[in-house]
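See structure below.
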Amino acid sequence: MKNYYQPELETAPREKILEIQNEKIVRQVKNVYDHVAYYRKLMDEKGVKPEDIKSVEDIKKLPFLTKEDLRVAYPYGLLGTDLKNCVRIHSTSGTTGKRVVAFYTQKDIDMWEECCARAIVAAGGTDEDVVQVCYGYGLFTGGSGLHGGSHKVGCLTLPMSSGNTDRQIQFMMDLDATILCCTPSYAAYIGESLAERGYRPGDNKLKAGIFGAEPWTEEMRQSIEKSLGIKAYDIYGLTETSGPGVAFECEEQTGMHINEDHFYAEIINPDTGEVLPEGEKGELVFTALDKEGFPLLRYRTKDICILSRKKCSCGRTHVKMTKPLGRSDDMMIIRGVNVFPSQIETVLLKEGYPPNYQIEVDRVNNTDTFDIYVEFSKEMFSDKISEVQAHEQALSAAMRSMLGIGPKIHLVAPKSIERSEGKAVRVIDKRKLV
Ligand code: ADP
Ligand code: ZN
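Note that the working numbering gives residue 1177 to position 302 of the sequence shown, counting from 1, and the numbers run on in steps of one.
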């Protein structure tokens, strides 16, 4: 038995998907040109007219939009319809400093919730499930998106929001939650908190988790799956395109299917803007094919990933994206070497450390300093200085072989690094490089 929420759309043959996309893009570009003066100007400057866009093949003729455009056009400059047709706003969590406000019509909300429903069903969800939503509710899209998706599937929805871990655990155990939705860092924290209270992985009724909103590694997935006794699925999205559910993982767990009947994806070279062929790594760019309130065309996400059209065993035909390696903004250049926090997480978990760490970069006497604070696991804990130093050196050497640069490791006592209830803050860069 295969699990789909909208089987005809999720498993549609390629030609059918293209047909849907081509029909939608012609309408969307015309609508945006007529309603969004900001984008009309960009198209005029590039010499592109709505008539030039006859199919998704022509999308590459359109100008890009960036976060900077969203900032300039804030708040109403990219609205795709009259404000009176909009029923809600959401806003980014401001991870990279600039807030974005996105507008939704009721149709946009329905489409978004359907995308989240697809993700829940792909993770094994049915109307018999109890879905505990501990993404934040409010301006952040995580809570509302999965909440709406859970309703659409007919699950019993626990609108917990993030935080208050004692209460999360109480409801999880008392109401037999079967699917957990939160950031992976919060899932790790919940797993740790359950163990501290004496629960073993099999003591809860959870079968799956739908985790996203921040980068996480395969090693982190295995660690969460073990600590909660579940299968952990990835989900991806961003406020600018609606929220979580733009792409989601199926049981094959080899990348996330992008909901291509609503979002057209391209991979570009972030330096030149050139569209790259399938299989090449680059920046993900989305065109919303049928959004009304905030219909962004060719929006540059800054997320770096690879697209694949390899046939998937789940039967879905939509293109898959790899986990984003991290945002291009997340990449640190330390002493000339490119370093992603996800590489550090991979090494830590492989070496048997818990996923509690913080990276600190600074510049002293014109040289970058690179420090990683990592918690001891209980088994490793030692009060002998020589043992601590040996662990620190071994970990630094493992980091050097992965990154090409050796950080100074500081092993700290269990529980001394602040736990995350939403998106984890992993990097403190004090260099103030602009
Ligand atoms: P903010 O930009 O303030 O964090 P959002 O909440 O809209 O605002 O976050 C969207 C971003 O979160 C994405 O562009 C991506 O970088 C990150 N993200 C979302 N889901 C995932 C995921 N599953 N894996 C990695 N990164 C993710
Ligand atoms: Zn699949």
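Here a beta-carbon is modelled for each residue, glycine too, at the ideal position from N, C-alpha and C.
Exposure label - residue i; buried when at least 16 CB within 10 Å
{"i": "serine 854", "result": "In this structure the chain extends from 876 to 1309, so residue 854 is not present and cannot be described."}
{"i": "glutamine 1007", "result": "buried"}
{"i": "isoleucine 1260", "result": "exposed"}
{"i": "leucine 1050", "result": "exposed"}
{"i": "aspartate 1178", "result": "buried"}
{"i": "isoleucine 1208", "result": "exposed"}
{"i": "glutamine 1268", "result": "exposed"}
{"i": "phenylalanine 1256", "result": "exposed"}
{"i": "valine 1309", "result": "Only weak support is given to the placement of valine 1309: the predicted model assigns it a pLDDT of 47, under 50, and the value that follows is read from those uncertain coordinates. Exposed: under 16 other Cβ atoms inside 10 Å."}
{"i": "glycine 1162", "result": "The identity of residue 1162 in the sequence shown is threonine, whereas the question assumes glycine. Buried is the call here."}
{"i": "alanine 1288", "result": "exposed"}
{"i": "tyrosine 1174", "result": "buried"}
{"i": "arginine 993", "result": "buried"}
{"i": "leucine 958", "result": "exposed"}
{"i": "proline 1059", "result": "buried"}
{"i": "glycine 1157", "result": "buried"}
{"i": "isoleucine 1303", "result": "exposed"}
{"i": "alanine 1062", "result": "buried"}
{"i": "arginine 1096", "result": "buried"}
Distance cut-off 7 Å: residue i Cβ against heavy atoms of the ligand ADP
{"i": "arginine 1202", "result": "yes"}
{"i": "tyrosine 1111", "result": "yes"}
{"i": "phenylalanine 1138", "result": "no"}
{"i": "alanine 1269", "result": "no"}
{"i": "lysine 1106", "result": "no"}
{"i": "phenylalanine 1169", "result": "no"}
{"i": "proline 1282", "result": "no"}
{"i": "lysine 982", "result": "no"}
{"i": "threonine 1114", "result": "yes"}
{"i": "glutamate 1089", "result": "yes"}
{"i": "lysine 1101", "result": "no"}
{"i": "phenylalanine 1161", "result": "no"}
{"i": "aspartate 927", "result": "no"}
{"i": "glycine 1016", "result": "Before going on, a small fix: residue 1016 reads as threonine here, not glycine. Threonine 1016 Cβ: within cutoff of the ligand ADP."}
{"i": "threonine 1092", "result": "no"}
{"i": "lysine 1259", "result": "no"}
{"i": "proline 1199", "result": "yes"}
{"i": "aspartate 839", "result": "Residue 839 cannot be examined here, being either before or after the span of the chain that is shown, 876 to 1309."}
{"i": "threonine 869", "result": "Limits of the chain in this structure are 876 at one end and 1309 at the other, which puts residue 869 out of reach."}
{"i": "lysine 1298", "result": "yes"}
{"i": "threonine 967", "result": "yes"}
Beta-carbon separation (whole angstroms), residue i vs residue j, contact threshold 8 Å
{"i": "tyrosine 979", "j": "glycine 1120", "result": "About 13 Å separates the two Cβ atoms, so there is no contact after all."}
{"i": "cysteine 1180", "j": "glutamate 1127", "result": "About 17 Å; that fails the 8 Å criterion."}
{"i": "valine 1194", "j": "glutamate 1135", "result": "6 Å"}
{"i": "leucine 1286", "j": "valine 1249", "result": "6 Å"}
{"i": "glycine 1017", "j": "glycine 1024", "result": "So it is not a contact: roughly 11 Å between Cβ atoms."}
{"i": "glutamine 1045", "j": "cysteine 1009", "result": "No, glutamine 1045 and cysteine 1009 are not in contact; Cβ-Cβ is about 13 Å, not under 8 Å."}
{"i": "lysine 935", "j": "aspartate 927", "result": "The Cβ separation is near 11 Å, so there is no contact."}
{"i": "glutamate 1296", "j": "serine 1037", "result": "4 Å"}
{"i": "threonine 1040", "j": "serine 1068", "result": "5 Å"}
Reference residue i, options the options, closest by Cα
{"i": "aspartate 933", "options": "Lys916, Glu920, Pro950 and Glu898", "result": "Glu898"}
{"i": "proline 1145", "options": "Thr941, Leu1069, Met1095 and Tyr1010", "result": "Thr941"}
{"i": "alanine 1052", "options": "Glu1100, Lys1082 and His1026", "result": "Lys1082"}
{"i": "valine 1160", "options": "Leu953, Glu1124 and Arg1202", "result": "Arg1202"}
{"i": "threonine 1176", "options": "Ala1140, Gly1029, Phe1015 and Thr1040", "result": "Ala1140"}
{"i": "glutamate 885", "options": "Glu1124, Met1047 and Asp1109", "result": "Glu1124"}
{"i": "serine 1282", "options": "Ile1234, Val1239 and Asn1241", "result": "It should be noted that the sequence gives proline, not serine, for residue 1282. It is Ile1234."}
{"i": "glutamate 1003", "options": "Arg993, Val1028 and Leu1014", "result": "Val1028"}
{"i": "leucine 893", "options": "Tyr913, Lys929 and Gly1077", "result": "Lys929"}
{"i": "valine 931", "options": "Arg902, Arg946, Val947 and Gly922", "result": "Arg902"}
{"i": "histidine 1022", "options": "Leu1033, Pro1230 and Leu1014", "result": "Leu1033"}
{"i": "leucine 1103", "options": "Asp1258, Gly999, Tyr1074 and Ala1122", "result": "Tyr1074"}
{"i": "aspartate 1243", "options": "Ile1280, Lys905 and Cys1057", "result": "Ile1280"}
{"i": "lysine 888", "options": "Ile1303, Thr1116, Asp983 and Arg1191", "result": "Checking the sequence, you will find proline at residue 888 rather than lysine. Taking only the C-alpha atoms, the option nearest proline 888 is Arg1191."}
{"i": "proline 1170", "options": "Tyr951, Leu1182 and His1026", "result": "Tyr951"}
{"i": "alanine 1299", "options": "Glu1220, Glu1089, Val1263 and Glu1094", "result": "Glu1089"}
{"i": "leucine 849", "options": "Lys1106, Ala1272 and Asp944", "result": "The requested residue 849 is not part of the displayed model; the chain covers only 876 to 1309."}
{"i": "isoleucine 984", "options": "Tyr949, Arg963 and Ile1110", "result": "Arg963"}
{"i": "isoleucine 900", "options": "Phe1138, Val1222, Val1212 and Gly1020", "result": "Phe1138"}
{"i": "isoleucine 1284", "options": "Leu1223, Lys1305, Asp909 and Arg1238", "result": "Leu1223"}
{"i": "glutamine 1218", "options": "Val904, Glu883 and Glu1094", "result": "Glu1094"}
{"i": "leucine 954", "options": "Asn906, Glu1149, Tyr880 and Met1047", "result": "Asn906"}
{"i": "aspartate 1109", "options": "Glu1153, Ser1291, Cys1056 and Glu1071", "result": "Cys1056"}
{"i": "aspartate 1246", "options": "Gly1227, Arg1301, Lys1198 and Glu1262", "result": "Arg1301"}
{"i": "lysine 1166", "options": "Val904, Gly1077 and Pro882", "result": "Val904"}
Near the ligand HEM: residue i beta-carbon under 7 Å from a heavy atom
{"i": "aspartate 944", "result": "Summarising the ligand content, the structure contains the ligand ADP and the ligand ZN and does not contain the ligand HEM."}
Tell me which residues pass a beta-carbon proximity test against the ligand ZN: closer than 5 Å to any heavy atom, given in chain order. Cys1125, Glu1127, Cys1187, Cys1189 and Arg1191
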